[in-house]
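Written below as structure tokens is the structure these notes are about.
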Amino acid sequence: MKKSLICVSCPLGCPIEVEIENGEVVAVTGNTCKRGDAYARAEITNPVRSLTTSVKVENGMYAVVPVKSSGPVPKDKMFDCMKKINAVTVKAPVKIGDVVIENILDLGVDIIATNCDPGI
Ligand code: SF4
Numbered sequence: 043m044k045k046s047l048i049c050v051s052c053p054l055g056c057p058i059e060v061e062i063e064n065g066e067v068v069a070v071t072g073n074t075c076k077r078g079d080a081y082a083r084a085e086i087t088n089p090v091r092s093l094t095t096s097v098k099v100e101n102g103m104y105a106v107v108p109v110k111s112s113g114p115v116p117k118d119k120m121f122d123c124m125k126k127i128n129a130v131t132v133k134a135p136v137k138i139g140d141v142v143i144e145n146i147l148d149l150g151v152d153i154i155a156t157n158c159d160p161g162i
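According to the numbering used here, the residues represented by the sequence shown are 43 to 162, in order.
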């Protein structure tokens with residue numbers, strides 16, 4: 043089986059073909075550099091994404107504050123992470139870099155505020 047990907051590791055966006063046999067990557071072609079090879083293999087075996095969203099704020103100037111994951115999250119854990127994040131309300135004041143959820147789902151990744159809310 044072949045799968046086509048676009049490498050997103052740099053702005054060049056090389057089109058990559060990955061050949062998969064029995065769930066294993068047997069060949070990667072189209073990449074211009076080693077980063078493309080690593081990206082393609084990871085995308086097939088353990089795809090990850092940065093998570094950006096927002097959480098509710100209590101007594102805030104705004105209803106929500108934007109947050110992001112401190113590192114990549116496995117793609118198949120995104121919905122579970124969002125359930126946890128949607129269940130959280132932070133109290134103002136909120137500062138940039140505040141940890142909203144520590145080590146979400148034991149993934150070794152924190153959810154941190156990317157903007158501030160001084161409160162009302
Ligand atoms: S394969 Fe290398 S050159 Fe091509 S998009 Fe990926 S990182 Fe950039």
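Just so it is clear, CB atoms sit at the ideal spot from N, CA and C, and this is done for glycine as well.
- Query: Where does residue 144 land, buried or exposed, given buried means 16+ other C-beta within 10 angstroms?
  - Reply: Within the sequence shown, the letter at position 102 stands for residue 144. Per the 10 Å Cβ criterion, exposed.
- Message: Just checking residue 54 against the ligand SF4 - is the residue's beta carbon closer than 7 angstroms to any of the ligand's heavy atoms?
- Response: Counting from one through the sequence shown, the residue named residue 54 turns up at place 12. Yes, since a heavy atom of the ligand SF4 falls inside the 7 angstroms radius drawn around the Cβ of residue 54.
- Using DSSP bridges, identify the partner residues of residue 116. Translated into positions along the sequence shown, residue 116 becomes position 74. DSSP lists 90 as partners of residue 116.
- Task: Run the CB neighbour count on residue 85, radius 10 Å, all protein chains shown included, and call it buried at 16 or more, exposed below.
- Result: Against the sequence shown, residue 85 aligns to sequence position 43. By the 10 Å Cβ count, residue 85 comes out buried.
- Hey, would you say residue 124 sits closer than 8 angstroms to residue 95, going by beta carbons? For the purposes of this step, residue 124 is taken as residue 82 along the sequence shown, with counting starting at 1. For the purposes of this step, residue 95 is taken as residue 53 along the sequence shown, with counting starting at 1. Cβ atoms of residue 124 and residue 95: closer than 8 angstroms.
- Item | Which residues DSSP lists as bridging residue 143, in chain order | Taking the sequence shown and counting its residues from 1, the one referred to as residue 143 is at position 101. Paired residues: 153.
- Query: Cβ of residue 96 less than 8 angstroms from any chain D Cβ?
  - Reply: Here chain D cannot be found, since the structure has a single protein chain.
- Task: Answer yes or no: do residue 99 and residue 106 have a C-beta to C-beta separation smaller than 8 angstroms?
- Result: On the sequence shown, position 57 is the one that residue 99 refers to. On the sequence shown, position 64 is the one that residue 106 refers to. With contacts defined by Cβ atoms closer than 8 angstroms, residue 99 and residue 106 form a contacting pair.
- Item | Reference residue 74, options 65, 130, 54, 92, closest by Cα | Position 32 of the sequence shown, counted from the first residue, corresponds to residue 74. Taking each of 65, 130, 54, 92 in turn and checking the Cα distance to residue 74, the smallest one comes out for 54.
- Please find out if some non-hydrogen atom of the ligand SF4 comes closer than 7 angstroms to the beta-carbon of residue 78. Here residue 78 corresponds to residue number 36 of the sequence shown, with the count starting at 1. Yes; taking the cut-off as 7 angstroms, the Cβ of residue 78 has a heavy atom of the ligand SF4 nearer than that.
- Message: Can you look up residue 110 in the DSSP assignment and give me helix, strand or coil?
- Response: In the sequence shown, residue 110 corresponds to position 68, counting from 1. DSSP places residue 110 within a strand segment (E or B) once states are collapsed to three.
- Item | When 51, 77, 52, 45 are compared against residue 66, the one with the closest alpha-carbon | Mapped onto the sequence shown, residue 66 falls at position 24. Checking every option, the nearest Cα to that of residue 66 belongs to 45.
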